[in-house]
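Numbering (this note's numbering), first residue to last: 1 to 215. The C-beta atom is built at its ideal place from N, Cα and C for all residues, glycine as well.
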Amino acid sequence: MKWGLFGGTFDPIHFGHLRGAEEILEMFALNRIFFVPSSRPPHKLEADITSFYHREQMIKLAIEGNVNFSFSEVEKLRAGKSYSVETVKYILNKYMENMELYFIVGQDAFQAITTWKDWENLLVLCNFTVMTRPGYENMKLDKILPPDFAARFSYDAKIDGFRGPTGYSIYFRHVSFLDISSSRIREMTKTGRSIKYLTPNPVRHYILKNSLYKK
1 MKWGLFGGTF DPIHFGHLRG AEEILEMFAL NRIFFVPSSR PPHKLEADIT
51 SFYHREQMIK LAIEGNVNFS FSEVEKLRAG KSYSVETVKY ILNKYMENME
101 LYFIVGQDAF QAITTWKDWE NLLVLCNFTV MTRPGYENMK LDKILPPDFA
151 ARFSYDAKID GFRGPTGYSI YFRHVSFLDI SSSRIREMTK TGRSIKYLTP
201 NPVRHYILKN SLYKK
């Protein structure tokens, strides 16, 4: 089994998330992608994000009908801040014997990876798939990671990725450019503008029905 873990606040989930996940699923022949909303993001104040319940409902509405997409509440079940390294360790400890794991992250998030908890360990626990935009020139890893750590990875042309010391790799893959962001959707909702075609209709209706992002 080849699984993808796609983490984020998903506040709200939108077509950019969904299309990116679909393309990564196909590129790496993954069996399933789990959307893992952060319960208590370490880089954000809890007051600044929508409740986990509402974000959970929106994800479930967005992925309904796609047999390759699943929802995971693993970060809600764990006390304290939501750290990716702890989520990955949990999944690996529970399923490692039968599963190859790919951690899916956006380009902007990956370029801030050194601010994450225990990032050095995280990058060698599983494969990393970085979603980039068309026109993005692959930066050398030592432009993102400290040179001494980046030197532990070597580019492998056969996989078009950077092979790490534990056998897992970091991949940069272009996905369809969709100029959509959750923050933009929140701002448009707040000011009464239409968010049609930015997020699936069931999610849009849920946002309006529950008056999310109005305050």
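For residue i, the first and last residue of its enclosing alpha helix (DSSP H)
i, result
"Pro37", "First-last for Pro37: Arg32 to Pro37, but that is the beta strand (DSSP E), not the alpha helix (DSSP H)."
"Ile24", "Phe15 to Met27"
"Leu77", "Val74 to Leu77"
"Asp148", "Pro147 to Ala150"
Simplified DSSP assignment, three categories, for residue i
i, result
"Tyr213", "coil"
"Lys190", "helix"
"Arg55", "helix"
"Thr114", "helix"
"Asn68", "coil"
"Tyr171", "strand"
"Leu101", "strand"
"Ser182", "helix"
"Asp11", "coil"
Endpoints, beta strand (DSSP E) assigned at residue i
i, result
"Trp119", "Looking at the DSSP string, Trp119 is not in any beta strand (DSSP E); the run it does join, the alpha helix (DSSP H), is Trp119 to Leu122."
"Asn93", "No beta strand (DSSP E) holds Asn93; the alpha helix (DSSP H) holding it covers Ser84 to Tyr95."
"Gly161", "Gly161 to Arg163"
Buried/exposed call for residue i, threshold 16 Cβ in 10 Å
i, result
"Arg193", "exposed"
"Thr114", "exposed"
"Ser82", "buried"
"Ser182", "buried"
"His205", "exposed"
"Val38", "The amino acid occupying residue 38 in the given sequence is Ser; Val does not appear at that position. Flag for Ser38 reads buried."
"Ala112", "exposed"
Supposed contact pair residue j and residue i - C-beta distance, whole angstroms, cut 8 Å
i, j, result
"Gly4", "Ile33", "4 Å"
"Tyr171", "Thr129", "5 Å"
"Arg55", "Asp11", "6 Å"
"Ile68", "Leu25", "It is worth fixing the name first, because residue 68 is Asn in this sequence and not Ile. Their Cβ separation, rounded to whole angstroms, is 6 Å, which keeps Asn68 and Leu25 in contact under 8 Å."
"Ile180", "Phe15", "6 Å"
"Arg163", "Phe177", "So it is not a contact: roughly 28 Å between Cβ atoms."
Proximal residues to residue i (C-beta, below 6 Å), its chain only, five neighbours per side dropped
i, result
"Tyr168", "Cys126 and Asn127"
"Pro202", "Leu61"
Contact set for residue i: own chain, Cβ-Cβ below 7 Å, skip 5 residues either direction
i, result
"Tyr90", "Val74"
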